[in-house]
Amino acid sequence: MSLPLKKCPLLLLAVFAASPAAAEPASASNLRVGGYLQSQYEHHQDSEDQLGQDGKPLNSDRFLVRRARLQLAGEWDWAGAIVELDGNTASGGFRADLHRAEATLRYVPEGSKAPLLDASIGAITIPFGFELVESDRMRPFMERSLVVRSFFPGSVDLGARVGGKLDWFDWSVAVMNGQPKAGSVDFSGSAPAAAKDLLIRVGMDSGPETPFRISGHVSTLAGKGFHAGSPATKARVEWRDLNEDGIAQPYEYTAIPGRAATPSETYGRWAVGADVQLAYRTDLGNTRVLGEAILGQNLDRLLFANDPVVTGLDARGFGYYLAVIQDLGRYALAGLRYDSYDPDANVFDNRKGKLEPASMRIDSIAPMVGLVLPDVASLTFEYDFVRNKLARDESGMPTNRPSDAWTLRLQVQL
Numbered sequence: 013m014s015l016p017l018k019k020c021p022l023l024l025l026a027v028f029a030a031s032p033a034a035a036e037p038a039s040a041s042n043l044r045v046g047g048y049l050q051s052q053y054e055h056h057q058d059s060e061d062q063l064g065q066d067g068k069p070l071n072s073d074r075f076l077v078r079r080a081r082l083q084l085a086g087e088w089d090w091a092g093a094i095v096e097l098d099g100n101t102a103s104g105g106f107r108a109d110l111h112r113a114e115a116t117l118r119y120v121p122e123g124s125k126a127p128l129l130d131a132s133i134g135a136i137t138i139p140f141g142f143e144l145v146e147s148d149r150m151r152p153f154m155e156r157s158l159v160v161r162s163f164f165p166g167s168v169d170l171g172a173r174v175g176g177k178l179d180w181f182d183w184s185v186a187v188m189n190g191q192p193k194a195g196s197v198d199f200s201g202s203a204p205a206a207a208k209d210l211l212i213r214v215g216m217d218s219g220p221e222t223p224f225r226i227s228g229h230v231s232t233l234a235g236k237g238f239h240a241g242s243p244a245t246k247a248r249v250e251w252r253d254l255n256e257d258g259i260a261q262p263y264e265y266t267a268i269p270g271r272a273a274t275p276s277e278t279y280g281r282w283a284v285g286a287d288v289q290l291a292y293r294t295d296l297g298n299t300r301v302l303g304e305a306i307l308g309q310n311l312d313r314l315l316f317a318n319d320p321v322v323t324g325l326d327a328r329g330f331g332y333y334l335a336v337i338q339d340l341g342r343y344a345l346a347g348l349r350y351d352s353y354d355p356d357a358n359v360f361d362n363r364k365g366k367l368e369p370a371s372m373r374i375d376s377i378a379p380m381v382g383l384v385l386p387d388v389a390s391l392t393f394e395y396d397f398v399r400n401k402l403a404r405d406e407s408g409m410p411t412n413r414p415s416d417a418w419t420l421r422l423q424v425q426l
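Under the numbering used here, the letters of the sequence shown match residues 13 to 426, in that order.
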C-alpha cells in the first residue's frame, strides 16, 4: 500500500487552521543550542590492508569520528523547529551535512507537557519501532541492531508526520519519500518515485513517575521501492587478445549488439514490527530490558539490497533483538544485547546437485561496559561476537566468516 502525496497536500496544516496562535517573535530564551561528539577506535576481524574493487580501503582497524552533532532548537507555544548538523569520518573522508530539519505545529493543553496533537514536516525521524526513534546520544550500545540498520539505513527521511499523546497512549502517522539519509547512494534525500511510504506507529508509555515503567509500540510500513532502468547502448566490436601475442587476429574480434533501454519500475514493500521496554528503578540504578522484532518484505536497503525486479522473487526478512542494561550506581553501566537477522527466508543452496533450503541468518552477542559522568561524558567498550554463514569450508559447505569487532568510544556532551 502506498499513499500518493497529491491526495493530501494541505491535510496537516488544516488541523491548525482555526487555532488562535499569533506570530511570536523569536528570542534567545526560546532557543537552545546543544550537541555531542562521539570519537572512537574500532577493530574488526575481517579487516584487510587492501583496496576493494571500488578503490576504497578494506581496512577497518581505525580511529574515527562517528558522530559530531550540533543542534539548534526553537520552542514556542504553538510551533517549534529543530535544525541538526552532522559531521563524521565513518565512510572515509571528512563529511559535514544536514542531519535533521524539522518544522512543527502543535497543540499542548494547559498544564500538560506533551502535545495532544502535533504535525511536523521536513527531514524528520522515521516513526517506526524503538531503536529508530531513540537518540544516538542516548543509546548505550554503539549502533542499532542489524535488522534495523538493514531495513532503515538511516533514522531520518524527508516527509510529514502527524501524532500526539494522551495519557499513556501515543500515536504517529507519517508519509515519507522512502529514501532514508545514509541509505541508497543514488537516491538518499530524493524521491525517484511519486508513491510514498506510509508509516503508522501506535503504543503506550506508563511514564517515569513510578519505580516500574513499561512502554511498547506496534509499527507498520507500506510503500513502493524503486528499480532504476538502464539506458540504451550502441552496438560495438570488442577485441580480446586470446593468444596474448599483441597482434589482432580475425578470430579475436567479437560483435557486441546494442541494447534497448529498459524502463524504471516500482515494486511493493512492507514491514510490521513490535517493541517493548521495561524499566525498574532500584537503589543501584535503573534496570532496563528491551526487545523488538521486525518482519519485512523487499525492504533491505543496506546489507543485501532487495530488488525483486532483478531477482524475480520477493525477499522476506525477519530480525529481532533482546537487550539488558544495568546502571551500576551513578558512574557506571553494563549491558548485553543479542540480535538476529535473516535477510531472506526463501534462500536455497546447491548441494551435491540438489537444491536445499539454506540460512543466511546473522547472529551477534554484544556485551558492553561503560563509565559515565552524568550529563557530561561517557567512555564505553563493546565487543561484538558475530556468527554467520557467509563463507565456505573446504568441502563447499557454508561456514562462519570471522567478523567479530570491538569498539572503544568516548562521548562528550556539548
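Beta carbons are placed, not taken as given, at the ideal position from N, Cα and C, and that holds for glycine. Note that the structure is predicted; figures quoted are calculated from it, not measured.
Exercise for review: Below 8 Å CB to CB, which residues in the same chain sit around alanine 35 once its five sequence neighbours on both sides are set aside?
Suggested key: In this prediction, alanine 35 scores a pLDDT of 44, lower than 50, which makes its location untrustworthy; the coordinate-derived value is nonetheless stated afterwards. Its chain contains no residue whose beta carbon lies nearer than 8 Å to that of alanine 35 once the 5 sequence neighbours on both sides are disregarded.
Point to revise | Straight-line gap, aspartate 169 to glutamine 191 (C-alpha atoms, nearest Å) | key: Approximately 6 Å, taken between the alpha carbons.
Review point. Going by beta carbon distance, what residues of the same chain come within less than 8 Å of alanine 244, once the five residues before and after it are set aside?
Key: Hits under 8 Å: Gly270, Arg271, Ala272 and Ala273.
Point to revise | Given glycine 171 as reference, the closest of Leu158, Ala194 and Lys208 once Cα atoms are compared | key: Glycine 171 has its Cα closest to that of Lys208, out of Leu158, Ala194 and Lys208.
Review point. Just the Cα atoms here: how many angstroms apart are proline 204 and glutamine 425?
Key: Rounded to the nearest angstrom, the two C-alpha atoms are 37 Å apart.
**Study point:** Residue range of the beta strand (DSSP E) that includes arginine 161
**Key:** DSSP places arginine 161 in no beta strand (DSSP E) but in the uninterrupted alpha helix (DSSP H) bounded by 158-163.
Review point. Are there 16 or more other CB atoms within 10 angstroms of the CB of asparagine 412, so buried, or fewer, so exposed?
Key: Counting Cβ neighbours within 10 Å, asparagine 412 comes out exposed, since fewer than 16 surround it.
Check your understanding: If glycine 176 sits next to leucine 129, beta carbons under 8 Å apart, how far is it from one beta carbon to the other, in whole angstroms?
Key -> Rounded to the nearest angstrom, the Cβ distance from glycine 176 to leucine 129 is 4 Å, consistent with a contact under 8 Å.
Exercise for review: Determine the extent of the beta strand (DSSP E) in which proline 320 is found, giving its start and end residues.
Suggested key: Segment 320-323 is the alpha helix (DSSP H) holding proline 320; no beta strand (DSSP E) there.
Exercise for review: If I'm right that leucine 307 touches proline 355 with Cβ under 8 Å, what's the distance once you round it to whole angstroms?
Suggested key: The distance from the Cβ of leucine 307 to that of proline 355 is about 12 Å, inconsistent with a contact at the 8 Å cut-off.
Review point. Asparagine 255 by DSSP, collapsed to three states: which one?
Key: Three-state result, asparagine 255: coil.
Exercise for review: Identify every residue that forms a DSSP beta bridge with threonine 419.
Suggested key: In DSSP, threonine 419 forms a bridge with Glu54 and Glu394.
Exercise for review: Please classify asparagine 298: does DSSP put it in a helix, a strand, or coil?
Suggested key: DSSP places asparagine 298 in strand when its eight states are reduced to three.
Review point. Which residue comes first and which comes last in the beta strand (DSSP E) that contains glycine 215?
Key: Here the beta strand (DSSP E) through glycine 215 covers 207-217.
Check your understanding: Three-state secondary structure (DSSP) at arginine 118?
Key -> In the structure shown, arginine 118 adopts extended strand secondary structure according to DSSP, grouped into three states.
Review point. Can you tell me whether alanine 454 is buried or exposed, with buried defined as 16 or more other CB within 10 angstroms of its CB?
Key: Outside the displayed range of the chain (13 to 426) lies residue 454, so it cannot be described from this structure.
Exercise for review: Label tyrosine 333 either buried or exposed according to how many other C-beta atoms from any shown protein chain fall within 10 Å of its C-beta, with 16 as the threshold for buried.
Suggested key: Around the beta carbon of tyrosine 333, a 10 Å sphere encloses 16 or more other beta carbons of the protein chains shown; the residue is thus reported as buried.
Review point. Does the Cβ-Cβ distance between arginine 328 and alanine 370 come in under 9 Å?
Key: Not a contact, by the Cβ cut-off of 9 Å.
**Study point:** Straight-line Cα distance separating arginine 74 from histidine 229
**Key:** A direct Cα-Cα distance of roughly 37 Å separates histidine 229 from arginine 74.
Review point. Leaving out five residues before and five after proline 165 in sequence, what residues of the same chain have Cβ atoms less than 6 Å from its Cβ?
Key: The residues Pro192, Ala194, Gly195, Arg313 and Leu314, in chain order, have a CB closer than 6 Å to that of proline 165 in the same chain once the five nearest residues on each side in sequence are set aside.
Practice item. Can you say whether aspartate 109 is buried or exposed, counting buried as having 16 or more other CB atoms within 10 angstroms of its CB? Key: It counts as exposed.
Review point. From what residue to what residue does the beta strand (DSSP E) around glutamate 444 run?
Key: Lying outside 13 to 426, the shown extent of the chain, residue 444 is not represented and no answer is given.
Review point. For the putative contact between proline 386 and arginine 293, defined by C-beta atoms under 8 Å, what is the C-beta separation to the nearest angstrom?
Key: In fact, because the Cβ distance is near 15 Å, the residues do not count as touching under 8 Å.
**Study point:** Beta-carbon gap between aspartate 374 and leucine 158 smaller than 9 Å
**Key:** The question names aspartate, yet the displayed sequence has isoleucine at residue 374. Yes, the Cβ-Cβ distance between isoleucine 374 and leucine 158 is below 9 Å.
Check your understanding: When the Cα of valine 185 is compared with those of Ala126, Thr232 and Ser202, which residue comes out closest?
Key -> Selected option, being the one with the closest Cα: Thr232.
Review point. Hey, glycine 235 and arginine 161 are a contact pair by Cβ (cut 8 Å); roughly how many whole angstroms apart?
Key: About 18 Å separates the two Cβ atoms, so there is no contact after all.
Practice item. Grab the span of the beta strand (DSSP E) containing alanine 335 for me, first residue to last. Key: Note, alanine 335: beta strand (DSSP E), 328-339.
Point to revise | Rounded C-alpha distance that separates arginine 79 from serine 72 | key: Taking the CA atoms as reference points, arginine 79 sits about 17 Å from serine 72.
Practice item. Return helix, strand or coil for glutamate 277, following the three-state DSSP convention. Key: In the structure shown, glutamate 277 adopts extended strand secondary structure according to DSSP, grouped into three states.
Exercise for review: Can you tell me which of the three DSSP states asparagine 100 falls into?
Suggested key: If DSSP states are grouped into helix, strand and coil, asparagine 100 belongs with the strands.
Point to revise | Beta-bridge pairing of methionine 380 - partner residues as DSSP gives them | key: As DSSP reads the structure, methionine 380 sits in a beta bridge with Gly347 and Glu394.
Review point. Are methionine 380 and alanine 346 closer than 9 Å when you measure CB to CB?
Key: Going by C-beta atoms, methionine 380 is nearer than 9 Å to alanine 346.
Exercise for review: Would you kindly work out how many angstroms separate the C-alpha atoms of glycine 324 and phenylalanine 238, rounded to a whole number?
Suggested key: Approximately 14 Å, taken between the alpha carbons.
Point to revise | Enclosing beta strand (DSSP E) for leucine 82 [first to last residue] | key: Residue range 74-87 is occupied by the beta strand (DSSP E) that includes leucine 82.
Review point. Going along the chain, which residues of its own chain have a beta-carbon closer than 6 Å to the beta-carbon of tyrosine 353, five neighbours each way excluded?
Key: Only Leu158, Val159, Gly331 and Ile374 meet the Cβ criterion.
Review point. What is the rounded straight-line gap between the Cα of leucine 422 and the Cα of alanine 344?
Key: Answer to the nearest angstrom: the Cα atoms are 14 Å apart.
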